[in-house]
Amino acid sequence: MFGRKQRRIRELEQVATGLQSMLSRMGGERGEVARERAALLHIRRQIDDARAELAPLRADVGVQRSGVFRYHHPLSSSSDYQTHLELAQSEMTQLIKDGNATEGGTECTFNSCSEQGDGLLADWRVLMLRAYNTEAEICLVMVRASSASVARKRLERAAEDVNRLGERLGVRLSPRYTALRVYELELTVDHLRKKLEERRTKGRKAA
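Sequential numbering of the sequence shown, starting at 1, is according to full-length UniProt numbering.
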């Protein structure tokens, strides 16, 4: 879908360029010029609409490149925690889209070229987020009510390791972003503990 929309935009831009050239050649033929100008405006509106549709797709691709994917979250079946989870995930996604899930590393040169340095920084940020988010997703999937402290320590250690990788370029994970991932883990643990207590209560009543 992403590729098709990009191709459609290129096709529309080619048509718009052709119409613009035609208008320049037509000169004083007012009626024909008016019709072609209306067609050109219509094409340009189509280009703007296509770009507007493409924008959120580009943003989602950027989020996925950072290692965040939609999957069946342990809390997704719990109405008590769903609102809190959605708020946390929404803020995390926005931080990634805005480029604020990492911080630092504002200047870098590579092969004496600042443009290559900027590209290196951008790639490094993506790799850092991907490594950290992969570990965070593993913690969410594997955590149990009885292993909360182990999962949290693993997640905190992952953040420390990733930040060490970024030290040379002056890049680190945003404290707000890591705090949200820890909060997400804590929500999951609270939910699992509640479920465990409910099962124990039912077991005692049945006995």
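Every residue gets a Cβ at the ideal spot worked out from N, C-alpha and C, and that includes glycine. Computed from a predicted structure; not experimentally measured.
Interface flag, residue i vs chain D, CB-CB below 8 angstroms
i, result
"residue 148", "Any reference to chain D falls outside this structure, which holds one protein chain only."
Straight-line Cα distance separating residue j from residue i
i, j, result
"residue 150", "residue 185", "11 angstroms"
"residue 100", "residue 138", "23 angstroms"
"residue 179", "residue 115", "32 angstroms"
"residue 193", "residue 175", "27 angstroms"
"residue 94", "residue 82", "18 angstroms"
"residue 86", "residue 148", "21 angstroms"
"residue 169", "residue 98", "20 angstroms"
"residue 107", "residue 120", "11 angstroms"
"residue 159", "residue 92", "15 angstroms"
"residue 209", "residue 140", "Past the boundaries of the shown model lies residue 209; the chain is included only from 1 to 207, so the question cannot be answered."
"residue 191", "residue 102", "29 angstroms"
"residue 152", "residue 187", "12 angstroms"
"residue 89", "residue 177", "10 angstroms"
"residue 154", "residue 96", "22 angstroms"
"residue 84", "residue 183", "10 angstroms"
"residue 118", "residue 161", "23 angstroms"
According to DSSP, residues forming a beta bridge with residue i
i, result
"residue 172", "103"
With 16 other Cβ atoms within 10 Å as the buried cut-off, status of residue i
i, result
"residue 196", "exposed"
"residue 189", "buried"
"residue 181", "buried"
"residue 142", "exposed"
"residue 105", "buried"
"residue 156", "exposed"
"residue 144", "exposed"
"residue 237", "No statement about residue 237 is possible, as the shown extent of the chain runs from 1 to 207 and does not include it."
"residue 206", "exposed"
"residue 58", "At residue 58 the pLDDT is 49, less than 50, meaning the model places this residue with poor confidence; the figure from the coordinates comes in the next sentence. Per the 10 Å Cβ criterion, exposed."
Residue i - DSSP class collapsed to helix/strand/coil
i, result
"residue 144", "coil"
"residue 98", "coil"
"residue 187", "helix"
> Is the segment 122-132 touching the segment 193-206 in the sense that three or more CB pairs, one from each, lie closer than 8 angstroms?
Replying inline: no
>> With three or more beta-carbon pairs closer than 8 angstroms as the criterion, would you say the segment 128-142 touches the segment 163-175?
In response: yes
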